[in-house]
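Listed in order, the protein sequences are those of chains A and B.
Counting in UniProt numbering, the first sequence runs without a single skipped number right up to 124 at its last residue.
Counting in UniProt numbering, the second sequence runs without a single skipped number right up to 124 at its last residue.
There are 2 protein chains.
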Amino acid sequence: MAESTDTIFEQFPGGVFPAACSSRVLLDHVMSKWGVLVLVSLTDGPQRWSDLRRRAQGISEKMLAQTLKTLEADGLVHREQQPVMPPRVDYSLTPLGEDLAEVLVPLLRWVGRNADAIIGPATT
Amino acid sequence: MAESTDTIFEQFPGGVFPAACSSRVLLDHVMSKWGVLVLVSLTDGPQRWSDLRRRAQGISEKMLAQTLKTLEADGLVHREQQPVMPPRVDYSLTPLGEDLAEVLVPLLRWVGRNADAIIGPATT
DNA sequence: CAGAATCCATGAGGATACTG
DNA sequence: CAGTATCCTCATGGATTCTG
Chain A
1 MAESTDTIFE
11 QFPGGVFPAA
21 CSSRVLLDHV
31 MSKWGVLVLV
41 SLTDGPQRWS
51 DLRRRAQGIS
61 EKMLAQTLKT
71 LEADGLVHRE
81 QQPVMPPRVD
91 YSLTPLGEDL
101 AEVLVPLLRW
111 VGRNADAIIG
121 PATT
Chain B
1 MAESTDTIFE
11 QFPGGVFPAA
21 CSSRVLLDHV
31 MSKWGVLVLV
41 SLTDGPQRWS
51 DLRRRAQGIS
61 EKMLAQTLKT
71 LEADGLVHRE
81 QQPVMPPRVD
91 YSLTPLGEDL
101 AEVLVPLLRW
111 VGRNADAIIG
121 PATT
């Protein structure tokens with residue numbers, strides 16, 4: 001298993017990404033507290049604003065709006081508004097977003113599998 | 001490839017992790033700005049404090065200390081101090097940390113591959 | 001070298017209220 | 001329903017100084 005985990009520095013000889021490069025920016029978007037949850041939530045299929053609020057428990061409207069805008073600007077999330085009253089908007093992963101999800105989900109699974117053992121069943 | 005990306009909710013029927021559960025806590029540790037960089041940096045082998053500072057460009061001493069402590073408390077990073085003068089301390093991944101790295105590195109690779117196209121070659 | 005401790009600024013992020 | 005706007009708090013995180 002070593003050949004897939006110890007070669008990442010070949011791509012980034014300058015360190016773990018030079019500071020202030022595009023990788024760092026994208027990393028912050030993708031790895032942000034809410035970005036991860038929104039992206040993974042959307043792997044379940046297109047969802048509406050209120051769905052996402054329910055899925056990503058604890059997210060505020062401000063953060064949801066901000067997160068969705070960032071991910072949309074990055075081309076990871078697609079926003080589809082229907083001009084009806086009351087308004088209806090669906091969010092979904094773009095092909096690029098789905099591609100990202102394929103490497104993101106294994107990480108989330110790992111966290112889910114190990115969280116209780118590492119952190120403890122309840123934070124209290 | 002669908003069967004591996006659309007079933008994550010089976011494990012977490014309550015949403016994308018209920019708020020304030022152990023998964024959220026661990027997720028924040030692992031996905032934190034500097035946590036990722038330190039963990040991935042250590043996939044390259046054991047490293048000293050000053051190595052890590054150089055690898056994770058832009059990290060402050062405070063953040064490096066804080067990050068390492070969290071990751072060590074989580075059992076992801078091993079700290080080995082040699083009682084010599086001047087002090088020498090080596091950090092490395094624990095088996096658990098290596099396990100995590102195997103799902104983390106593909107994500108980092110993805111970010112490295114797509115960052116320029118998504119964000120733009122220079123943030124300026 | 002490998003940190004600990006302190007101070008301080010910024011902005012991430014929450015609560016609330018309002019709108020189309 | 002799907003947001004926007006505003007205010008405000010507190011924690012992230014940088015800079016600096018000190019120590020074993």
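All C-beta atoms in this analysis are idealised placements derived from N, C-alpha and C, irrespective of residue type, glycine included.
Closer than 8 Å to the CB of residue 31 of chain A there is at least one CB belonging to chain B. A straight line joining the alpha-carbon of residue 107 of chain B with that of residue 65 of chain A spans about 24 Å.
Using a Cβ distance threshold of 8 Å, residue 67 of chain B and residue 8 of chain A do not count as a contacting pair.
When the alpha-carbon of residue 117 of chain A is set against those of B/21, B/91, B/92 and B/57, the nearest one is in B/21.
Secondary structure of residue 44 of chain A (DSSP, three-state): coil. Counting the other CB atoms within 10 Å of its CB gives residue 56 of chain A a total of 16 or more, which places it among the buried residues. Here residue 48 of chain A has 88, 89, 90 and 91 as same chain residues with Cβ atoms under 8 Å from its own Cβ, once five neighbours each way along the sequence are excluded. Under the three-state reduction of DSSP output, residue 66 of chain B falls in the helix class.
Contact note: residue 55 of chain A reaches chain B through 15 and 16, using a C-beta cutoff of 7 Å and chain order. Judged by DSSP secondary structure, residue 22 of chain B falls within the alpha helix (DSSP H) whose first and last residues are 22 to 30. 74 and 75: these are the residues of the region 65 to 88 of chain A whose beta carbon lies less than 7 Å from some beta carbon of chain B, given in chain order.
Take residue 40 of chain B, set aside five residues on each side of it, and the residues of its chain with a beta-carbon closer than 8 Å to its own are 101, 104, 105 and 108, in chain order. Between residue 25 of chain A and residue 119 of chain B, the gap from beta carbon to beta carbon is short of 8 Å.
The alpha-carbon of residue 28 of chain A is positioned some 6 Å away from that of residue 33 of chain B. Within chain B, no C-beta atom comes less than 8 Å from the C-beta of residue 50 of chain A; the nearest is roughly 13 Å away. Annotated as proximal: residue 16 of chain B and residue 37 of chain A, with beta-carbon spacing under 8 Å. DSSP, read as helix, strand or coil, puts residue 89 of chain B in strand. Contact check for residue 97 of chain B against residue 12 of chain A fails: the beta carbons are separated by 8 Å or more. For residue 94 of chain A, same chain residues with a beta-carbon under 7 Å away, outside a window of 5 residues either side, are 75, 76, 77 and 78 in chain order.
If you check the CB distance, residue 23 of chain A and residue 115 of chain B come in under 8 Å. Using beta-carbon distances, residue 94 of chain B does not count as an interface residue toward chain A, since no partner is under 8 Å.
By a beta-carbon distance limit of 8 Å, residue 31 of chain B does not contact residue 63 of chain A. Their separation comes to about 15 Å. With 16 or more other Cβ atoms from the protein chains shown falling within 10 Å of its own Cβ, residue 35 of chain A counts as buried. Neighbours of residue 121 of chain B in chain A, taken as residues at a C-beta separation under 7 Å, are given in chain order as 22.
In the DSSP annotation of this structure, the continuous segment of the beta strand (DSSP E) that includes residue 82 of chain A starts and ends at 77 to 82.
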